[in-house]
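Counting in the UniProt record's numbering, the sequence shown runs from 1 upward without gaps. Ideal placement from N, C-alpha and C gives every residue a C-beta, glycine not left out. Predicted model only: the values in this text are computed from it and were never measured.
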Amino acid sequence: MSDINIKITDREGVTHDVVAPTDMSMNLMEIIRSYELAEEGTIGVCGGMAMCASCQVYVISDPGLEPMGDEEDAMLAEAFHVKENSRLGCQLHMAMDMEGLEVEIAPYP
Numbered sequence: 001m002s003d004i005n006i007k008i009t010d011r012e013g014v015t016h017d018v019v020a021p022t023d024m025s026m027n028l029m030e031i032i033r034s035y036e037l038a039e040e041g042t043i044g045v046c047g048g049m050a051m052c053a054s055c056q057v058y059v060i061s062d063p064g065l066e067p068m069g070d071e072e073d074a075m076l077a078e079a080f081h082v083k084e085n086s087r088l089g090c091q092l093h094m095a096m097d098m099e100g101l102e103v104e105i106a107p108y109p
């Protein structure tokens with residue numbers, strides 16, 4: 001089995017237990033979209049290119065995420081509602097070591 005269990009709190013404050021595949025090259029933004037946890041047109045606006053921050057999440061529990069890259073850091077420097085634990089969902093690619101990840105979807109600008 002190559003699925004992991006993560007928790008995603010939507011913009012209404014409801015927490016969802018989600019099973020995410022690690023063998024399909026999906027990122028967190030795509031998981032959120034596939035489970036319809038954010039209103040259509042309010043997440044992944046740029047298509048996952050780290051150019052809009054509509055997929056920003058707050059990391060509540062970090063089991064060992066990859067470090068933030070320069071593009072992600074630059075986009076978050078210009079985004080709204082940024083916190084110290086902000087990440088872009090499109091830059092978080094599902095991997096086995098993300099088991100137990102907990103995030104909250106940031107407000108849409």
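Residue environment: residue 77 is assigned as exposed (fewer than 16 neighbouring CB atoms within 10 Å of its CB, all protein chains considered). The Cβ neighbour count for residue 54, taken over all protein chains shown within 10 Å, is at least 16; the residue is labelled buried. Closest option to residue 50, judged by alpha-carbon separation, among 105, 87 and 18: 87.
Pairing residue 33 with residue 107 gives a Cβ-Cβ distance that is not under 8 Å.
Per the C-alpha coordinates, the member of 5, 101 and 3 positioned closest to residue 63 is 101.
When rounded, the separation of the alpha-carbon atoms in residue 9 and residue 105 is 6 Å.
For residue 17 against residue 7, the beta-carbon gap comes to about 6 Å, under 8 Å, which counts as contact.
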